[in-house]
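Written below as structure tokens is the structure these notes are about.
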Amino acid sequence: MRYQNRKKREVTQLALDKVENAIELRGITKTFGSVVANDHIDLDVRRGEILALLGENGSGKTTLMNMISGIYHPDEGSIHVNGREVVINSPMDAKKLGIGMIHQHFKLVDVFSAMDNVVIGAEGKRIKPRELKEKILELTKKFGLEVDPEKKIYNMSVSEKQTVEILKVLYRNADILILDEPTAVLTPQETQKLFAILRRMKEQGSAIIIITHKLNEVMEISDRVTILRKGKSIDTVNTAETNEKQLTELMVGRPVTLEIDRPKCENVHTRLKVVDLSVKKADGTMALKDLSFEIKAGEILGVAGIAGSGQKELCEAIAGLVPVETGAVLHNKENIIGKTPKQINNLGISLGFVPEDRLGMGLVASMGMVDNMLLKSYDKAKGIFVDRKPAKKLAEELVERLEIMTPNVETPVRLLSGGNVQKVLLGREIESEPSVLITAYPVRGLDINSSYTIYDLLNEQKKKGVAVMFIGEDLDVLLEISDRIMVLCHGEVTGIVDAAVTTKEELGLMMTGSKREGVKADG
Amino acid sequence: MDETRKKEPLIRVEKRKERPAKQVRLLRLASVLLAIVAGGLFILCIGYNPFSVYATIVSGAFRSSMAFQATIKLMVPLLIPALGLTLAFKMRFWNIGAEGQIIMGAVFATFFALFCWDFPHWLLMICMFLAGMLGGALWGIIPAFFKAKFGTNETLFTLMLNYIALYLISFLRDGPWQDPNSSGFPKIARFGENAQLDKLFGVHVGWLIGLVLVVIVYIYLKYTKQGYEISVVGESRATAQYAGMNYKKIVLRTMAFSGAICGIAGMVQASGSDLTLTTSVAGGVGFTAIIVAWLAQLNPVGILVVSLLFSVLEKGSTVMQSSYGLSAYSADVLQGIILFFVLGCEFFVRYRFVTRKKGGKA
Numbered sequence: 001m002r003y004q005n006r007k008k009r010e011v012t013q014l015a016l017d018k019v020e021n022a023i024e025l026r027g028i029t030k031t032f033g034s035v036v037a038n039d040h041i042d043l044d045v046r047r048g049e050i051l052a053l054l055g056e057n058g059s060g061k062t063t064l065m066n067m068i069s070g071i072y073h074p075d076e077g078s079i080h081v082n083g084r085e086v087v088i089n090s091p092m093d094a095k096k097l098g099i100g101m102i103h104q105h106f107k108l109v110d111v112f113s114a115m116d117n118v119v120i121g122a123e124g125k126r127i128k129p130r131e132l133k134e135k136i137l138e139l140t141k142k143f144g145l146e147v148d149p150e151k152k153i154y155n156m157s158v159s160e161k162q163t164v165e166i167l168k169v170l171y172r173n174a175d176i177l178i179l180d181e182p183t184a185v186l187t188p189q190e191t192q193k194l195f196a197i198l199r200r201m202k203e204q205g206s207a208i209i210i211i212t213h214k215l216n217e218v219m220e221i222s223d224r225v226t227i228l229r230k231g232k233s234i235d236t237v238n239t240a241e242t243n244e245k246q247l248t249e250l251m252v253g254r255p256v257t258l259e260i261d262r263p264k265c266e267n268v269h270t271r272l273k274v275v276d277l278s279v280k281k282a283d284g285t286m287a288l289k290d291l292s293f294e295i296k297a298g299e300i301l302g303v304a305g306i307a308g309s310g311q312k313e314l315c316e317a318i319a320g321l322v323p324v325e326t327g328a329v330l331h332n333k334e335n336i337i338g339k340t341p342k343q344i345n346n347l348g349i350s351l352g353f354v355p356e357d358r359l360g361m362g363l364v365a366s367m368g369m370v371d372n373m374l375l376k377s378y379d380k381a382k383g384i385f386v387d388r389k390p391a392k393k394l395a396e397e398l399v400e401r402l403e404i405m406t407p408n409v410e411t412p413v414r415l416l417s418g419g420n421v422q423k424v425l426l427g428r429e430i431e432s433e434p435s436v437l438i439t440a441y442p443v444r445g446l447d448i449n450s451s452y453t454i455y456d457l458l459n460e461q462k463k464k465g466v467a468v469m470f471i472g473e474d475l476d477v478l479l480e481i482s483d484r485i486m487v488l489c490h491g492e493v494t495g496i497v498d499a500a501v502t503t504k505e506e507l508g509l510m511m512t513g514s515k516r517e518g519v520k521a522d523g
Numbered sequence: 001m002d003e004t005r006k007k008e009p010l011i012r013v014e015k016r017k018e019r020p021a022k023q024v025r026l027l028r029l030a031s032v033l034l035a036i037v038a039g040g041l042f043i044l045c046i047g048y049n050p051f052s053v054y055a056t057i058v059s060g061a062f063r064s065s066m067a068f069q070a071t072i073k074l075m076v077p078l079l080i081p082a083l084g085l086t087l088a089f090k091m092r093f094w095n096i097g098a099e100g101q102i103i104m105g106a107v108f109a110t111f112f113a114l115f116c117w118d119f120p121h122w123l124l125m126i127c128m129f130l131a132g133m134l135g136g137a138l139w140g141i142i143p144a145f146f147k148a149k150f151g152t153n154e155t156l157f158t159l160m161l162n163y164i165a166l167y168l169i170s171f172l173r174d175g176p177w178q179d180p181n182s183s184g185f186p187k188i189a190r191f192g193e194n195a196q197l198d199k200l201f202g203v204h205v206g207w208l209i210g211l212v213l214v215v216i217v218y219i220y221l222k223y224t225k226q227g228y229e230i231s232v233v234g235e236s237r238a239t240a241q242y243a244g245m246n247y248k249k250i251v252l253r254t255m256a257f258s259g260a261i262c263g264i265a266g267m268v269q270a271s272g273s274d275l276t277l278t279t280s281v282a283g284g285v286g287f288t289a290i291i292v293a294w295l296a297q298l299n300p301v302g303i304l305v306v307s308l309l310f311s312v313l314e315k316g317s318t319v320m321q322s323s324y325g326l327s328a329y330s331a332d333v334l335q336g337i338i339l340f341f342v343l344g345c346e347f348f349v350r351y352r353f354v355t356r357k358k359g360g361k362a
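Sequence lines, in order, name chains A and B. FYI, the UniProt record's numbering numbers position 32 of the first sequence as 32, with every residue one higher than the one before it. FYI, the UniProt record's numbering numbers position 121 of the second sequence as 121, with every residue one higher than the one before it.
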């Protein structure tokens, strides 16, 4: 106690010395059960600066930010806003202190217009729509935001929605802004727009914390970087004095290479041919429009596109999970449209679809590894009983070969970390010796080490002559690992390009709909 | 900023990491013990000695072979429907219609009891048993069909079917199946001896059927392919389809089984206990069975234990009523207290309290 008091005094002293600090965290500790999510973390954010908070998954970034925005309460340590020690008990408290957080998943009311979304939850008297609109337009002008106040959220693109989130925070006069992985859902062009807005806000004197694990963005936008590793703050460096390699080493804790292998394709021939495939969504709109492409044995076909451009429907159509309007999917010249998911699976077309929560589709969260191994093969044994022996053996082999961290093979997979869940899923798909392997977002939310294990696994499959389709988010990764990249926009192919000679900007343009005619790349 | 904001709340609730299974079990055990203590306080408050009241309840259920037989007789109609519901609940199909499925099982079985009473005894029993299963299965398949085909809400659907089944009995009782010898009084005739369930150790063989079902349901859920399918569908429909399972078929099949087991309970109750068909053939056990199934965490062996405990409490409370003049409703209060504690302990499985002083150093 006395120690804490002394610390408090020190802190007040410090606060007087540098009043430009918008937020100071001192010795913040937060534990969940036996897990220490944050271990005595110190953090300063100055006015008029952008601080990047860098760290692998599970390093405690989001936990720390949730304490600033009033969602969690620290076990130990103190938070100072504008030099005063504060206790933040709820998001309301945070709001009053001028802290605004923009979450990864937007918190907007779909059927409301932008301006309605901006005012809900804001304090103060009801104001007339016309005044409100003027006020919002004024704000948009001040910060260079592009948004139509009358437009309904459901008509907006992801980037527009994000702009509304920012507007919401600005409207409440927040001058401390926290963004949790804001660029994950944006194209390179949209990211640039966002960065322009952030720079504008910085000039106006706001303090901005941006959580990310994309190094190039850290280098581009931030003034300083604080690196977290396993719940501890490792270092804070000036961006101008560092580089991507050093940051990675700080983040991972040891030297790593950043290049992804792209082994040469061998014995390439067409394995799966998709012809004029069209699929409707549940609401009757077209999810895929006349899609035509091929996946070749011994190559990795990357698929790029903004989230929701038809990736999910494409996977599901090939796997036989959704009805197809028109078109054909030929596997070794045999049309698989109209076959049941089981028949398609038996042909060796293996879908490793990883939805946002990772456990929604490919794995049964409450079951252990053994039962999850059985998911697609339980029916192959004769009789009415499930034979768990081979599954158990397989699970144990995978644990050893892929270094899956689990207490034992019966532990429910939802208790495993993201990387391990991913390995379980991919491991099972690979064990079934597929002829086509479709993976969607296989490294979503994984740390660098686990990601590289996954890339290696995919390359191994490619070398074995499997046709691999890799649906990804990170364009840098797609460009490095794929042989060819197909770009989707609103359910249409806007280009299929050779990954070795394409740039990120070109992909970005195609992702937003500008077609590249006449470009054909064959591996 | 006002001063009150300076302080963090005295107690706050926090989500916790998942507890290991052993701890959870201990927690549940503790909650039952606490419930007994709290129930004791309640008894004390209304002016009785909790120890002697509890002793009376237990001895009331076991003191003689007659008493024990009566306890078992109460247990059977809880045990069998709870097993049936377990199949549906494992699939996350909220079957609130055990009541109706029991009734339909009883109605179908009664048809044979009334109109085929001249069959040889063993044949009649088999017919009634199968008819009971069929009736229950039918009442299970109807909501399953609409759920699988049109995505209707099974909770409301099964609930409403209960009333249809109930009023079907009234209709039969007042009309086509009215006892011709009752001189106009609306009732259904008592079953002939031929249509009565055999007895074993002084109780109708329903208890044996129940025990066999415990084993069957346990093996079915744990070791068969169909049981595996039920768990996967229960977790996520999308995953089941991804794994190549036929969702509709599994839902229909499972609900048919679930209803059929409940239907067996109806047949057993009508021909073993009531020896006729009345509107109270289910008498609310279809709802109590939901509680039994969940308290036992959908574990068939657990269901056996919980349904025994429930029937002990129920039988014991009638004795309590006669020897203390204490209303049998106070047994319902005790049941409520137990439920409150056991369900309340789920909160502590997932959350914990953190007080200001300690700062939550776990």
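Glycine is no exception: its CB is placed at the ideal position from the N, C-alpha and C atoms.
Review point. What number of angstroms, rounded off, separates the C-alpha of I290 of chain B from the C-alpha of T285 of chain A?
Key: 42 Å
Exercise for review: Please work out which residues of its chain come closer than 7 Å, Cβ to Cβ, to L208 of chain B, disregarding the five sequence neighbours upstream and downstream, and give them in chain order.
Suggested key: L200
Point to revise | Residue-level contact to chain A via CB, S280 of chain B, 8 Å cutoff | key: no
Practice item. Let me know the alpha helix (DSSP H) ranges lying completely inside the stretch 90-122 of chain A, each 4 residues or longer, listed in chain order. Key: 91-96, 114-119
Review point. Starting from H490 of chain A and walking both ways along the alpha helix (DSSP H), at which residues does that stretch end?
Key: It is not in any alpha helix (DSSP H) - H490 of chain A carries neither H nor E in the DSSP assignment.
Exercise for review: Measuring only between beta-carbons, confirm whether K342 of chain A sits less than 8 Å from chain B.
Suggested key: yes
Point to revise | Whole-angstrom C-beta distance between V342 of chain B and L295 of chain B, which should lie under 8 Å | key: 6 Å
Review point. Are the stretch 301-308 of chain B and the stretch 69-84 of chain B in contact at 8 Å, needing three or more beta carbon pairs?
Key: yes
Check your understanding: Got a sec? Which residues, its chain only, sit under 7 Å from G234 of chain B by beta carbon, not counting five neighbours each side?
Key -> K90, M91, R92
Review point. Relative to the ligand COA, is the shortest distance from any of its heavy atoms to the C-beta of L27 of chain B smaller than 7 Å?
Key: What this structure holds is no ligand at all, so the ligand COA is not there to describe.
**Study point:** Interface flag, D283 of chain A vs chain B, CB-CB below 8 Å
**Key:** no
**Study point:** Straight-line Cα distance separating K423 of chain A from K380 of chain A
**Key:** 23 Å
**Study point:** Residues near V301 of chain B in its chain [Cβ-Cβ closer than 8 Å; skip 5 each side]
**Key:** V214, Y218
Exercise for review: Taking Y154 of chain A and V111 of chain A to be in contact with their CB atoms under 8 Å, please state how far apart those CB atoms are, rounded to whole angstroms.
Suggested key: 7 Å
Point to revise | Supposed contact pair L167 of chain A and L139 of chain A - C-beta distance, whole angstroms, cut 8 Å | key: 6 Å
Review point. Does any residue of chain B bring its CB to less than 8 Å from the CB of H73 of chain A?
Key: yes
Review point. Quick one, which residues of the stretch 393-427 of chain A are near chain B if we go by CB-CB under 9 Å, in chain order?
Key: P412, R414, L415
**Study point:** Stretch pair the stretch 129-149 of chain A + the stretch 87-104 of chain A: three plus CB contacts closer than 8 Å
**Key:** no
Point to revise | Residues that I188 of chain B bridges to, as DSSP identifies them | key: B:Q178
Review point. Can you tell me the Cα-Cα spacing of F171 of chain B and L326 of chain B, whole angstroms?
Key: 38 Å
**Study point:** Straight-line gap, I103 of chain B to V281 of chain B (C-alpha atoms, nearest Å)
**Key:** 7 Å
**Study point:** Identified DSSP bridge partners for K296 of chain A
**Key:** A:T270
Point to revise | Neighbour list for Y247 of chain B in chain A, Cβ cutoff strictly below 8 Å | key: Within chain A, no residue comes near Y247 of chain B; the closest Cβ sits about 11 Å away, beyond 8 Å.
Review point. For I384 of chain A, is the classification buried or exposed, using 16 other Cβ atoms within 10 angstroms of its Cβ as the cut-off for buried?
Key: exposed
**Study point:** 3-residue-minimum beta strand (DSSP E) runs that sit fully inside the stretch 125-206 of chain A, ordered along the chain
**Key:** 176-180
Check your understanding: Going along chain A in order, which residues have a C-beta closer than 7 Å to the C-beta of A243 of chain B?
Key -> L375, K376
Practice item. Keeping to the same chain, check which residues put their C-beta closer than 7 Å to that of L215 of chain A; ignore five residues upstream and five downstream. Key: E244, L247, T248
Check your understanding: According to the neighbour-count rule (16 or more other Cβ atoms, all chains shown, within 10 Å of its Cβ), is P20 of chain B buried or exposed?
Key -> exposed
Exercise for review: Give a yes or no on whether the minimum CB-CB distance between I210 of chain A and chain B is below 8 Å.
Suggested key: no
**Study point:** Beta-carbon separation (whole angstroms), V487 of chain A vs M510 of chain A, contact threshold 8 Å
**Key:** 4 Å
Exercise for review: May I have a chain-ordered list of the beta strand (DSSP E) segments no shorter than 3 residues that lie completely inside the stretch 20-62 of chain B?
Suggested key: none
Check your understanding: Under a Cβ-count criterion, where at least 16 other Cβ atoms within 10 Å of its own Cβ denotes burial, should Y441 of chain A be classed as buried or exposed?
Key -> buried
Practice item. Determine, using beta-carbon pairs with one atom in the stretch 360-369 of chain A and one in the stretch 302-314 of chain A, whether at least three such pairs fall under 8 Å. Key: no
Review point. Taking Cβ to Cβ, would you say S59 of chain A is nearer than 8 Å to K280 of chain A?
Key: no
Point to revise | Simplified DSSP state of G348 of chain A, which is helix, strand or coil | key: coil
Check your understanding: Quick one: Cα of L321 of chain A to Cα of G327 of chain A, how far?
Key -> 15 Å
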